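Q:
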Amino acid sequence: MDYFLMGREGWCLSEQEFIQVLTSRWPSAITKSVDIPGGPRSVDFRIRMSESSIDGHLNLEGSTVVFYGAPGDCAKFALEYRAIFPQGQPFLLFDEGYNRSIELGPETTGENIVSALQDTTAT
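Put into structure tokens, the structure is as follows:
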């Protein structure tokens, strides 16, 4: 399942800023600029985490990161990415159907995220 992470007050990163952030936080991150006219994304990335790889992209406007991976790794990624921005900047993490969401604040934990985004209908 894809997860979406976005600043709630119009915060954006340029393609270069995003690549710099990823490679400074995760030195083994693989990034690739995407040049598809009219496409929805500007940078694809892969980050090796403890349980999985996080695969994703930055949207063309630089306002939203779309990614997927093991739930615990997705939570860790979201918290680390969120930590890049000023603490007062609200961020929202939600699933692809916008069925579940959580606002990421200073006290948000990985467990909070996994619990909030857990698919309770899965069997």
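Residues 2 to 124 (my numbering) make up the sequence shown, in order. We put the beta carbon where it would ideally sit given N, CA and C, even for glycine. Everything numeric in this text was worked out from a predicted model, so none of it was measured.
1. In terms of alpha-carbon separation, which member of V115, S51, R83 lies closest to G106?
2. Which parts of the segment 52 to 78 are runs of the beta strand (DSSP E), unbroken and 3 residues or longer, counting only runs that do not cross its ends?
3. Please confirm if C13 has its CB atom under 8 Å from at least one CB of chain D.
4. For the pair the segment 2 to 12 and the segment 94 to 114, tell me if three or more CB-CB distances fall below 8 Å.
5. Cα separation between P72 and L61?
6. With distances taken between CB atoms, is the gap from I85 to V22 smaller than 8 Å?
7. Does the Cβ of I36 have 16 or more other Cβ atoms within 10 Å, making it buried, or fewer, making it exposed?
8. Give the straight-line distance between the Cα atoms of A102 and S116, rounded to the nearest whole angstrom.
9. For M50 and F68, I'd like the C-alpha separation in whole angstroms.
A: Judging by the given coordinates:
1. The residue you call residue 106 lines up with position 105 of the sequence shown. Looking only at V115, S51, R83, the smallest Cα-Cα distance to G106 is reached by R83.
2. 54 to 60, 65 to 69, all fully within the segment 52 to 78.
3. This model lacks chain D altogether, as it is built from one protein chain only.
4. The segment 2 to 12 vs the segment 94 to 114: in contact.
5. Numbered from 1 along the sequence shown, position 71 holds the residue referred to as residue 72. Numbered from 1 along the sequence shown, position 60 holds the residue referred to as residue 61. Spanning the two alpha carbons is a distance of roughly 25 Å.
6. Translated into the one-based positions of the sequence shown, residue 85 becomes position 84. Translated into the one-based positions of the sequence shown, residue 22 becomes position 21. Yes, the pair counts as a contact, with Cβ atoms nearer than the cut-off.
7. If you number the sequence shown from 1, residue 36 lands on position 35. Checking the sequence shown, residue 36 turns out to be Asp, not Ile. Label assigned to D36: exposed.
8. Numbered from its first residue, the sequence shown carries residue 102 at position 101. Numbered from its first residue, the sequence shown carries residue 116 at position 115. The question names Ala, yet the displayed sequence has Ser at residue 102. One C-alpha to the other measures close to 10 Å.
9. In the sequence shown, the residue the question calls residue 50 occupies position 49. In the sequence shown, the residue the question calls residue 68 occupies position 67. Cα to Cα, the separation comes out at about 13 Å.
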